[in-house]
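First residue of the sequence shown? That's 1 in full-length UniProt numbering, and the numbers climb one at a time after it.
Only one structure is covered here, and it is reproduced in the block below.
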Amino acid sequence: MKLAKRVESLTPSTTLAITAKANALKAEGHNVLALGAGEPDFNTPLHIIEAAYQSMKEGYTKYTPSGGLLPLKKAIVNKLKQDQGLSYDTSEIIVGTGAKHSLYSLFQAVVEEGDEVIIPIPYWVSYPEQVKLAGGIPVFVEGKEENQFKITAADLESAVSERTKALIINSPSNPTGSLYAKEELQAIGEVCLKNDILIVSDEIYEKLIYDGAKHISIAEISPELKEQTIIINGLSKSHSMTGWRIGFAAGNAKIIKAMTNLDSHSTSNPTTTSQYAAIAAYNGPQEPVEEMRTAFEGRLNKVYERLISLPGVTCVKPHGAFYLFPNVKEAVKVTGFTTVDEWVEAILEEEKVALVPGSGFGAPDNVRLSYATSLETIMEALDRIESFIERHS
Ligand code: PLP
């Protein structure tokens, strides 16, 4: 059976490939330290789980409206007002099956065959594939390491063409943890307004910010930029709810309506129980979110110092998310390897430490390691990487 072209050109997720290999080693009985995780290691706060259970007992186990329950849309409207100071109508909100799915529907709704979507490098692995699935062309712009992996307005301007449809901004970023400042976003926003480029602002790591830094949504900067932006967010990272699969998009009502029509023919609606859990997550106490953030920040500071003490490793200190994205070019060279991919594979085989090579994020000199795992695990992993480097040098 011949497969459709659209799936034949898909690049398999590097993150999943490493995880599969690490799991196979675990199954053979090895003590594998996995630093590949893209999800918080805490359980979902109990009041959220209880609200979900309660809703099921009350019989809310049927279909919901396609774009999500009205009370959940209202809770999201409140969240956007409180956190971003932005006013939306419920007709400007769609609830999706995770932020990943909200992004997918968005690209399906707005990208025409041959449209270009500008994606800063390093990027989250799914952006280019989702753009391609919608018939679009990913146009990559490098965020330089010297500029904390962020693109500038000038970088953006040089990539704009007549076919540019959208720009993706992910702040804080997966994989770098970089956070755009207001002035940087303002300058980028001006280029988008001038060229009528839709801004896709993926704010999924919004709540995980460190060093007293502040998250700014590009939509907050001016009413014009709010009009030009679709905000993507969700509960996976903020409330440790990856498995519940709830995300949302907020913006232009016409786009939201088109996405709702699309979803009505694919998912029908996000899981009903998860939507009730999401209402409790947004309307209930937010202390657990802050507790998790504090735990991540404590780990980051310890792990970062240890990481940059490794020979041949440098790292831009992240301000958000739960990843470190060190440059290991020198360490790879001194240990006699040619590519970071081979180096990562050897570390997994010899030291049983799973890292994600930066090639999957468009940055072949780097690796991604997640500190969404216990401090002991990360510290032990770094000890093993150090002995690997020493043994091969
Ligand atoms: N956007 C970024 C940058 C992510 O890292 C992720 C998850 O890893 C998502 C979106 C998707 O999150 P969700 O679990 O809500 O689909």
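Idealized CB from N, CA, C, for every residue including glycine.
- In the three-state reduction of the DSSP assignment, THR314 falls in the strand class.
- The DSSP-derived three-state label of ASN327 is strand.
- Of all residues, those with a beta-carbon under 6 Å from at least one heavy atom of the ligand PLP are GLY38, GLY98, ALA99, LYS100, TRP124, ASN170, ASN174, ASP202, ILE204, GLY234, SER236, THR242 and GLY247, reported in chain order.
- Per the DSSP secondary-structure output, ALA34 pairs in a beta bridge with ALA354.
- Annotation for VAL334: GLY312 and SER393 place their beta carbon closer than 6 Å to its own, counting only its chain and skipping 5 residues before and after.
- In this structure ASP202 is buried. Its beta-carbon is surrounded by 16 or more other beta-carbon atoms within 10 angstroms.
- By the C-beta density criterion, MET1 is exposed, having fewer than 16 other C-beta atoms within 10 angstroms.
- Assigned with DSSP and collapsed to three states, VAL200 falls in strand.
- HIS265 counts as exposed, since fewer than 16 other C-beta atoms from the protein chains shown sit within 10 angstroms of its C-beta.
- Under the 10 Å beta carbon count, ASP196 is surrounded by fewer than 16 other beta carbons and is classified as exposed.
- The residue from THR11, GLY96 and GLU92 with its alpha-carbon nearest to that of SER268 is GLY96.
- The C-beta separation of PRO40 from SER240 comes to about 4 Å, placing the pair in contact by the 8 Å criterion.
- With a contact defined as Cβ atoms closer than 8 Å, SER91 and ILE256 qualify at about 7 Å.
- CA-CA distance, HIS30 to LYS352, rounds to 7 Å.
- In this structure, GLY38 is the residue among VAL131, GLY38, ILE389 and LEU3 with its C-alpha nearest to the C-alpha of GLY243.
- Counting C-beta atoms within 10 angstroms of its own C-beta, LEU310 has 16 or more neighbours from the protein chains shown and is therefore classed as buried.
- A Cβ-Cβ distance of about 5 Å is found for the pair ALA75 and ILE279, placing them in contact under the 8 Å criterion.
- In this structure, the alpha-carbon of ASP211 lies about 30 Å from that of ALA277.
- About 6 Å separates the beta carbons of THR15 and VAL125, which is inside the 8 Å limit, making them a contact pair.
- Contact annotation, PHE296 with TYR371: C-beta distance approximately 7 Å; criterion of less than 8 Å satisfied.
- Taking the CA atoms as reference points, ALA250 sits about 18 Å from LEU185.
- The alpha carbon of ALA281 has as its nearest neighbour, out of MET259, LYS237 and ALA253, the alpha carbon of LYS237.
- Here ALA166 is bridged, per DSSP, to VAL117 and LEU198.
- Rounded to whole angstroms, ALA253 and MET292 show a C-alpha spacing of 34 Å.
- In the structure shown, the three-state DSSP call for PRO12 is coil.
- With a threshold of 16 other beta carbon atoms within 10 Å, VAL200 meets it and is buried.
- Counting the other CB atoms within 10 Å of its CB gives LYS226 a total of 16 or more, which places it among the buried residues.
- Pairing VAL141 with SER55, the inter-Cα distance amounts to about 46 Å.
- At a Cβ-Cβ threshold of 8 Å, LEU156 and HIS215 do not count as neighbours.
- Under a 10 Å Cβ-count criterion, THR61 is classified as exposed, with fewer than 16 other Cβ atoms of the shown protein chains found around its own Cβ.
- Within the same chain, PRO172, LYS237, ARG293, PHE296, GLY320, ALA321 and PHE322 come within 7 Å of LEU208 by CB-CB distance, once the 5 residues on both sides are set aside.
- In this model, LEU348 and ILE389 are separated by some 13 Å (Cα to Cα).
- In this structure, the straight-line span from the alpha carbon of ILE168 to that of ILE118 is close to 6 Å.
- If only complete runs of 3 or more residues are kept, the segment 49-115 shows the beta strand (DSSP E) at 93-96, in order along the chain.
- When rounded, the separation of the alpha-carbon atoms in LYS73 and ILE385 is 46 Å.
- Within the same chain, Cβ atoms closer than 7 Å to the Cβ of PHE361 are found at PRO122, TYR123, VAL125, PRO175 and ARG368, the five residues on either side in sequence being excluded.
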